[in-house]
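Undergrad:
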Amino acid sequence: MRVFVAGATGAIGKRLVPQLVSRGHEVIATSRSARHKDQLSALGAEHVVVDGLDGAAVGEAVAQAEPDAVVHQMTALAGKPDLKHFDRWFATTNELRTRGTEHLLSAAQAAGVSKFVAQSFAGWPYARTGGPIKTEADPLDPDPAKNQRESHAAIRFLENAVTEAALDGIVLRYGSFYGPDELDELVELIRRRRLPIVGDGAGVWSWIHLDDAAAATVAALENDTRGIYNIVDDDPARVSDWLTYLAELAGAKPPARIPVWLARLVAGGVVVRGMTEIRGASNEKAKDELDWKPVWSSWREGFRQSLSEEVHGQSW
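The working numbering numbers the first residue of the sequence shown as 7 and each following residue consecutively.
Structural data, given as structure tokens:
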């Protein structure tokens, strides 16, 4: 296929492009800057500079590419994470998930594209009631945290727009990303004793290695299906478990514990919910319908592999 990858230099995009090329697909890869041309060309893609929020430019780029499929991986997170002001930190990403999605869908439909795959997230968007593991049939949270409402609404918009469009729309709800160099910030916080366990640490997280996430995206493109899929590993885990394990791998002291009231005061409600209330996700539907399974079936082995060089080499 000819595949138009919007947002090809992000965490998923830069792993997705070489996987697509290796399977014989022609890739038209976008970024917002010409400085990425050499990087994407080296991966075997044709580079196009386009701003995902410029509807005319998106329409022109897709029309000229004449793709068979479009992959929406556009995000815009930069700088230090600001979980206390989550919506402000995600403001541009939320625009890309709303206006950017509208632009890409309109361009894809005008160009006669048959398949559209878009990035979403499994974890905090799910309702924080019922069992600890959620499937795609479970509802999203009807009452998001105050500073996460705009981001939650943007995810709802993207998922509805893609699955209701007049083409084969697929939404991939990725778990929390990790991979070589992607855990460095978390490890640094742990080593500095700045990432404590809040309350009982009973929030359940689902992780996914970035290479596995990219492979699932290829599988979604190559299979005749549509709908929503959780793209996570086989091992949902409580915060108290994965955080303690990551500290051990990093050679750090065990994480401190702080009460919920203090965490809410210092870090805000988003952090408290993430540490104590959110649910994990099941990957059974994706494994069954996409003919995919994660190479790193558990974050335990994946964390160990991802951190081995950093922990024992010059980076640490």
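In this text, a Cβ means the ideal position worked out from N, Cα and C, and glycines have one as well.
It should be emphasised that the depicted structure is a prediction, and the values quoted were computed from it without experimental measurement.
Does the beta-carbon distance from residue 128 to residue 246 come in below 7 angstroms?
TA: Not closer than 7 angstroms, so no.
Undergrad: Quick check: the Cα distance between residue 103 and residue 164, rounded to an integer number of angstroms?
TA: Each residue's Cα considered, the two are about 6 angstroms apart.
Undergrad: Excluding the 5 residues preceding and the 5 following residue 249 in the sequence, name in chain order all residues of the same chain whose CB lies nearer than 8 angstroms to its CB.
TA: Only 196, 201, 203, 207, 261 meet the Cβ criterion.
Undergrad: Could you have a look at residue 215 and say whether DSSP puts it in helix, strand or coil?
TA: Reduced to three states, the DSSP call for residue 215 is strand.
Undergrad: In this structure, does DSSP put residue 320 in helix, strand or coil?
TA: Because residue 320 sits at a pLDDT of 38, beneath the cut-off of 50, its placement in the model cannot be relied upon, and the following sentence gives the value as read from the coordinates. Three-state result, residue 320: coil.
Undergrad: Going by the beta-carbon positions, is the gap between residue 126 and residue 176 smaller than 7 angstroms?
TA: No.
Undergrad: Assess contact between the region 60-71 and the region 104-117, defined as three or more Cβ pairs (one per stretch) separated by less than 8 angstroms. Is contact present?
TA: Contact between the region 60-71 and the region 104-117 is present, because at least three Cβ pairs lie under 8 angstroms.
Undergrad: Hey, would you say residue 90 sits closer than 7 angstroms to residue 205, going by beta carbons?
TA: No; because the gap between Cβ atoms is not below 7 angstroms, this pair is not in contact.
Undergrad: For residue 52, which residues does DSSP report across the bridge?
TA: Bridge partners of residue 52: 34.
Undergrad: So is residue 268 buried or exposed if we call it buried at 16+ other beta carbons inside 10 Å?
TA: Result: exposed.
Undergrad: Can you confirm whether residue 263, when its beta carbon is compared against all beta carbons of chain C, has any partner nearer than 7 angstroms?
TA: In summary, chain C is missing from the structure at hand, where a single protein chain is found.
Undergrad: Express the C-alpha separation of residue 270 and residue 222 in angstroms, rounding to a whole number.
TA: Their backbone Cα atoms lie some 36 angstroms apart in a straight line.
Undergrad: Is the beta carbon of residue 75 sitting closer than 7 angstroms to the one on residue 227?
TA: Yes.
Undergrad: Contact between the region 16-23 and the region 37-56: three or more CB pairs below 8 angstroms?
TA: As far as the Cβ criterion goes, the region 16-23 touches the region 37-56, which means the pair count is three or higher.
Undergrad: Does the beta-carbon of residue 136 have 16 or more other beta-carbons within 10 angstroms, so that it is buried, or is it exposed?
TA: It counts as exposed.
Undergrad: The beta strand (DSSP E) spanning residue 175 covers which residue range?
TA: Where residue 175 is concerned, the enclosing beta strand (DSSP E) stretches over 174-180.
Undergrad: Three-state secondary structure (DSSP) at residue 289?
TA: Coil.
Undergrad: Residue 14 and residue 35 - do their beta-carbons sit closer together than 7 angstroms?
TA: In this structure, residue 14 lies closer than 7 angstroms to residue 35 by Cβ.
Undergrad: In its own chain, which residues sit with a C-beta less than 6 angstroms from the C-beta of residue 300, not counting the 5 before and 5 after it?
TA: So the qualifying residues of the chain are 218, 239.
Undergrad: Could you name the residues of the same chain whose beta carbon sits closer than 6 angstroms to that of residue 321, not counting the 5 residues immediately before and after it, in chain order?
TA: Here the model assigns residue 321 a pLDDT of 39, short of 50, so the residue's position is not dependable, and the following value carries that caveat. Within the same chain, residue 321 has no close Cβ partners at all.
Undergrad: If we count the other Cβ atoms within 10 Å of its Cβ and call it buried at 16 or more, is residue 150 buried or exposed?
TA: Residue 150 comes out buried.
Undergrad: If you draw a straight line from the C-alpha of residue 337 to the C-alpha of residue 236, how long is it?
TA: No information on residue 337 is available, as it lies outside the stretch 7 to 322 that the chain covers here.
Undergrad: Counting only runs that start and end within the region 115-145, where is the alpha helix (DSSP H) found for 4 or more residues in a row?
TA: Runs of the alpha helix (DSSP H) inside the region 115-145: none found.
Undergrad: State the DSSP-derived secondary structure class of residue 356, mapped to helix, strand or coil.
TA: No statement about residue 356 is possible, as the shown extent of the chain runs from 7 to 322 and does not include it.
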